[in-house]
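Reminder that position 154 of the sequence shown reads as 537 in my numbering, one-by-one numbering, no gaps.
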Amino acid sequence: SNQNGAYTTPTITNNVLWLTDGPGNEARSVFFQLPQYVGAFEASFTYQDVSGGADGVAFVLQNDPRGTSALGGIGGSLGFGTPNPITPSAALELNIYTGNGEVMGYTFLTNGLTGASGANGNYQASGAINLASGHPIGVTLNYASTQLSLTFTDAIAGLFFSTNLNVGRLTDVVGGAMAFVGFTGADGGVHSTQIITNFSFVSIPTETINISAGQVLI
384 SNQNGAYTTP TITNNVLWLT DGPGNEARSV FFQLPQYVGA FEASFTYQDV
434 SGGADGVAFV LQNDPRGTSA LGGIGGSLGF GTPNPITPSA ALELNIYTGN
484 GEVMGYTFLT NGLTGASGAN GNYQASGAIN LASGHPIGVT LNYASTQLSL
534 TFTDAIAGLF FSTNLNVGRL TDVVGGAMAF VGFTGADGGV HSTQIITNFS
584 FVSIPTETIN ISAGQVLI
């Protein structure tokens with residue numbers, strides 16, 4: 384874990400990952416210690432904006448030279464972008480800030496790019512689901528063969544949103560079949576408390592069948 388700002392809460396407390404915790408002008412990143420296979424995977428987690436505010440979080444796959452020490456900027460950079468953007472990388476970004484023309488919602492971008500100030504195609508609305516509602520929002524990602532299936536679930540409000548994104552070959556984007564997997568998050572002048580719980584990441588190796596000298600290798 385890495386951080387920039389005056390945090391008052393430890394990174395992980397009682398199985399809760401705290402990405403921002405209230406004082407403002409914070410950025411934090413947390414990664415698995417060892418790279419994981421990202422050619423195909425299933426991932427899920429629960430995101431909650433406990434207090435309202437800004438700016439958002441990102442689920443990140445990266446092979447930045449800093450490895451597990453990678454951390455981007457505060458505010459709209461989400462701990463992922465400038466200054467010191469995490470690259471090469473790919474990230475699902477969740478945005479709760481609606482100033483400067485930004486849409487509350489999600490986007491999938493690479494190499495430290497974000498939708499801050501409506502840049503890079505802005506964020507896309509997550510249907511009727513309000514990421515800043517204070518409700519726990521279930522997020523599920525399934526990736527294989529350039530396609531990412533993404534779902535959001537607000538069990539309290541009884542709302543569900545699903546979409547499919549063509550994100551390309553992530554092994555090419557991040558520079559290899561293995562990458563560091565984790566989260567970044569940030570706030571700025573508008574502070575927030577944002578947490579992650581129930582995180583799961585499962586790599587799915589590609590199946591191949593080869594026939595040689597009368598033998599089949601699966």
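Where a beta carbon is used, it is the ideal one built from N, C-alpha and C, also for glycine. Nothing here was measured: the structure is a model prediction, and the numbers come from that model.
Taking Leu477 as reference, the option from Asn503, Phe415, Asn397 and Asp438 with the minimal CA-CA separation is Asp438. Following the DSSP letters along the chain, one finds Val556 inside the alpha helix (DSSP H) bounded by residues Leu553 to Val556. For the pair Phe463 and Phe566, the CB atoms are not nearer than the 7 Å cut-off. Ala560 sits in coil when the DSSP states are folded into three classes, being neither helix nor strand. Here the alpha carbons of Ile594 and Leu600 stand approximately 6 Å from one another. Less than 7 Å divides the Cβ of Pro468 from the Cβ of Gly455. Across the set Phe424, Asp447 and Ser434, the C-alpha of Asp447 shows the shortest separation from the C-alpha of Ser412. Contact between the region 573 to 593 and the region 421 to 432 is present: three or more C-beta pairs spanning the two stretches fall below 8 Å.
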